[in-house]
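Going down the list, the sequences are from chains A and B. Position 253 of the first sequence, counted from 1, bears residue number 253 in full-length UniProt numbering, the numbering being contiguous throughout. Position 207 of the second sequence, counted from 1, bears residue number 207 in full-length UniProt numbering, the numbering being contiguous throughout. Data block below; observations after.
2 protein chains.
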Amino acid sequence: MAGAEWKSLEECLEKHLPLPDLQEVKRVLYGKELRSLDLPREAFEAASREDFELQGYAFEAAEEQLRRPRIVHVGLVQNRTPLPADAPVAEQVSALHRRIKAIVEVAAMCGVNIICFQEAWTMPFAFCTREKLPWTEFAESAEDGPTTRFCQKLAKNHDMVVVSPILERDSEHGDVLWNTAVVISNSGAVLGKTRKNHIPRVGDFNESTYYMEGNLGHPVFQTQFGRISVNICYGRHHPLNWLMYSINGAEIIFNPSATIGALSESLWPIEARNAAIANHCFTCAINRVGTVNVFLCSFKAHQDFGYFYGSSYVAAPDGSRTPGLSRSQDGLLVAKLDLNLCQQVNDVWNFKMTGRYEMYARELAEAVKPNYRPTIVKE
Amino acid sequence: MAGAEWKSLEECLEKHLPLPDLQEVKRVLYGKELRSLDLPREAFEAASREDFELQGYAFEAAEEQLRRPRIVHVGLVQNRTPLPADAPVAEQVSALHRRIKAIVEVAAMCGVNIICFQEAWTMPFAFCTREKLPWTEFAESAEDGPTTRFCQKLAKNHDMVVVSPILERDSEHGDVLWNTAVVISNSGAVLGKTRKNHIPRVGDFNESTYYMEGNLGHPVFQTQFGRISVNICYGRHHPLNWLMYSINGAEIIFNPSATIGALSESLWPIEARNAAIANHCFTCAINRVGTVNVFLCSFKAHQDFGYFYGSSYVAAPDGSRTPGLSRSQDGLLVAKLDLNLCQQVNDVWNFKMTGRYEMYARELAEAVKPNYRPTIVKE
């Protein structure tokens with residue numbers, strides 16, 4: 001299996017396939033081909049100077065008579081942790097703040113209206129260690145922690161909605177930790193927060209060592225640029241999680257994630273894209289890059305644990321999608337969406353209209369009973 | 001956009017990519033590479049003589065100490081309608097019976113235990129016409145129609161479970177039509193039937209002109225070779241439909257379909273595969289090949305309606321999948337499954353354990369109420 005040096009599926013296909021075949025392959029794999037966005041030259045220059053990848057694509061919708069296009073530019077950020085995991089906590093957080101500030105400035109040049117960072121972006125993804133200190137020191141208040149205040153400044157300065165997934169310390173409820181995304185309005189106000197609804201217990205990643213299943217349901221945030229939700233990481237494996245955000249009205253669902261290696265890389269292009277199709281909405285799948293460098297610290301069990309393979313992408317309700325960002329390099333993916341596409345596709349495919357949710361609510365309520373007898377037909 | 005002459009994504013990639021890159025592309029696109037099945041030479045000879053494609057792959061599972069491998073060979077059949085749609089009904093049905101008999105004989109040579117035909121396999125897929133005669137004459141009793149009797153013979157002769165999706169006439173309940181799959185045990189007995197739960201109203205295919213949403217819930221059929229369900233066609237777009245079959249215990253879910261052209265081809269590799277991942281089960285996606293040749297008859301609206309793009313495939317709970325059959329040729333895809341993989345992947349990923357179905361049953365029950373207020377957070 002290729003390491004992180006194999007840059008991306010798309011680069012490989014572009015390099016080897018003759019143009020007519022490349023077009024067919026892209027059509028089957030990605031749906032209709034997207035137009036590249038004409039981003040400003042100074043944005044590319046800044047990205048190059050700061051050593052991160054910048055890509056931009058446009059999803060288009062049909063013109064309507066009564067609604068104008070509802071254009072929004074989203075930004076997806078993937079990055080490695082700049083300092084080693086055994087650097088002092090405060091220095092690691094500062095370095096990440098500086099890194100993200102530089103990327104957000106480029107996003108602003110590109111006209112991004114809503115930006116989302118990766119899961120638990122202010123820290124190494126240390127939840128495989130089972131250790132507490134120093135990792136729990138990265139937790140902050142969602143409402144007024146230093147990272148939220150930092151993001152409020154970014155949001156206000158750049159007139160940009162900021163989705164900031166952090167490790168939250170909830171001092172109002174027994175000082176417990178949560179895996180939380182804070183949503184900050186472009187006004188700079190904290191619009192609210194949402195929590196990871198499904199917690200993995202997979203291999204070394206039993207994150208319930210640190211935090212439990214979210215208790216905030218499936219909130220949708222009405223921003224100036226459209227209705228958004230955040231389905232954090234492992235929640236992408238649960239179709240019902242996507243569905244409830246969609247039923248509550250989300251037009252864009254962000255999926256900030258941290259996922260590694262052989263186990264999940266072939267699932268990655270499938271799940272968020274299927275959710276966009278099934279729910280007539282846009283989905284934004286964000287993964288980290290880099291290795292799990294917490295192993296520089298005391299957790300020595302698996303020195304070769306693997307690497308986060310990046311490959312962040314945006315999928316549309318019609319099943320089309322952008323190429324992925326690099327598997328190994330920091331990056332900013334800008335996508336121009338016309339949110340009118342959601343309702344247009346809904347009206348064609350009608351999954352909500354034909355969904356029979358009343359039947360499923362009944363069946364599910366039965367199925368969870370301890371004495372449920374599944375419908376099995378035998379000879 | 002390529003017509004049916006562009007054979008398949010896989011053929012194109014194999015032709016152009018250097019081997020190391022091809023392996024990486026396959027890993028990212030398809031998960032772990034599957035072993036080709038060593039099918040008997042006479043099976044290939046017969047397939048070649050009868051002019052259909054034959055492919056075979058094996059999905060493997062880890063060895064366990066207490067359970068032996070639970071091996072089952074499934075067969076997926078895709079085919080065009082051999083006679084034009086304006087041939088007499090009885091002749092069309094006979095020609096299809098003959099065609100399927102020949103393919104099933106090859107499946108038997110390959111050791112297939114469970115075979116599934118395409119949706120409404122005894123007829124042209126005429127539901128875009130809105131006409132009644134002659135199409136409604138293709139409807140039969142699920143319990144003792146000529147096609148069920150034909151399949152019972154096949155099942156008994158070849159010790160094979162047969163999944164036979166037909167247009168059903170239900171004479172016990174007002175002579176209404178249903179889109180139904182009949183499941184016939186390898187003993188030759190009719191094990192039961194299941195109906196299409198979600199009915200499309202998409203473009204020309206408003207199939208509710210002919211039949212309504214199924215009323216048989218989500219039955220699972222316990223066969224000698226494993227527990228199976230049938231999610232017919234448009235039901236593949238509904239994650240809850242797959243989920244309920246899985247909750248009832250299905251280890252293999254067949255998805256006999258009839259889907260065409262630009263609208264759905266980029267969705268096709270995503271949805272059934274996502275369902276295999278999300279539900280820790282195998283899924284078998286079957287599509288027709290050929291054009292909608294009902295236009296030879298009176299329905300002249302769209303002579304260039306498009307073609308069924310075949311591309312039938314099997315996906316496994318670990319996200320791996322077979323290549324697709326051809327986009328244009330009749331074919332039989334044989335897959336050797338070890339059903340132990342379902343529980344093994346379930347124990348790794350734990351989606352059922354972490355699914356929070358009680359919460360979703362409650363949320364869905366609320367969401368369907370006419371006075372439901374979605375959870376929307378505003379500034």
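Yeah, the Cβ is synthetic: ideal placement off N, Cα and C, and Gly gets one too.
- Aspartate 21 of chain B: member of the alpha helix (DSSP H) spanning 19 to 30, first to last residue.
- Beta-bridge analysis with DSSP links cysteine 233 of chain B to no other residue.
- Proximity of chain B to glycine 355 of chain A at the Cβ level (cut-off 8 Å) is accounted for by His198, His238 and Leu240, in chain order.
- In the DSSP annotation of this structure, the continuous segment of the beta strand (DSSP E) that includes alanine 58 of chain A starts and ends at 53 to 58.
- Apart from the 5 residues on each side of it in sequence, glutamate 213 of chain A sits with its Cβ closer than 7 Å to the Cβ of Asn197, His198 and Ile199 in its chain, given in chain order.
- Assignment of isoleucine 270 of chain B by DSSP, reduced to helix, strand and coil, places it in the helix class.
- In the three-state scheme derived from DSSP, where H, G and I count as helix and E and B as strand, isoleucine 199 of chain A is classed as coil.
- Taking a 10 Å sphere around the C-beta of proline 20 of chain B, we find fewer than 16 other C-beta atoms and assign the residue as exposed.
- Residues of the region 158 to 191 of chain A with a C-beta less than 7 Å from any C-beta of chain B: Ser185, Ser187, Ala189 and Leu191, listed in chain order.
- Along the region 78 to 128 of chain A, the alpha helix (DSSP H) occurs as fully enclosed runs of 4 or more residues at 89 to 109, listed in sequence order.
- In the three-state reduction of the DSSP assignment, leucine 364 of chain A falls in the helix class, which pools H, G and I.
- Within chain B, the residues whose beta carbon sits less than 8 Å from that of cysteine 12 of chain A are Leu17, Asp21, Glu24 and Val25, listed in sequence order.
- According to the DSSP assignment, aspartate 347 of chain A belongs to no beta strand (DSSP E) but to the alpha helix (DSSP H) extending over 340 to 349.
- A direct Cα-to-Cα measurement between alanine 102 of chain B and asparagine 255 of chain B gives close to 22 Å.
- Per DSSP, arginine 169 of chain A lies in no alpha helix (DSSP H) segment; the continuous beta strand (DSSP E) that holds it begins and ends at 161 to 170.
- Separation of the CB atoms of isoleucine 253 of chain B and threonine 283 of chain B is rounded to 5 Å, and the pair is thereby assigned contact status at 8 Å.
- CA-to-CA, the gap between proline 165 of chain A and glutamine 23 of chain B works out to about 35 Å.
- Along the region 303 to 328 of chain A, the positions whose C-beta sits under 8 Å from a C-beta of chain B are Gly319 and Ser320, read in chain order.
- Ranking A:Asn157, A:Arg99, A:Ser141 and A:Ser187 by CA distance to the CA of asparagine 179 of chain A puts A:Ser141 first.
- The beta carbon of valine 183 of chain B lies closer than 6 Å to those of Val163, Leu191, Gly192 and Phe221 in the same chain, with the five residues before and after it left out.
- Under DSSP, alanine 142 of chain A takes part in no beta bridge, so it has no partner.
- By the neighbour-count criterion, in which a residue is buried when 16 or more other Cβ atoms sit within 10 angstroms of its Cβ, asparagine 371 of chain A is exposed.
- Nearest to valine 93 of chain B by C-alpha distance, out of B:Gly111, B:Val72, B:Phe125 and B:His73, is B:Phe125.
- Rounded to the nearest whole angstrom, the CA to CA distance from lysine 369 of chain B to tyrosine 357 of chain B is 19 Å.
- Neighbours of histidine 218 of chain A in chain B, taken as residues whose beta carbon is under 8 Å from its own, are Glu363 and Thr375 in chain order.
- For arginine 288 of chain B, the three-state secondary structure derived from DSSP is coil.
- Taking all protein chains in view, the Cβ of serine 8 of chain B is crowded by 16 or more other Cβ atoms within 10 Å, so the residue is classified as buried.
- Inter-residue distance for aspartate 51 of chain B and arginine 327 of chain B is about 15 Å (C-alpha atoms, whole angstroms).
- Leucine 13 of chain B and lysine 15 of chain A have their C-alpha atoms spaced approximately 12 Å apart.
- For lysine 193 of chain A, the secondary structure class from DSSP, reduced to helix, strand or coil, is strand.
- Setting aside the 5 residues that flank it on each side, alanine 275 of chain A is surrounded in the same chain by Trp242 and Thr283, each with a C-beta closer than 6 Å to its C-beta; the list follows chain order.
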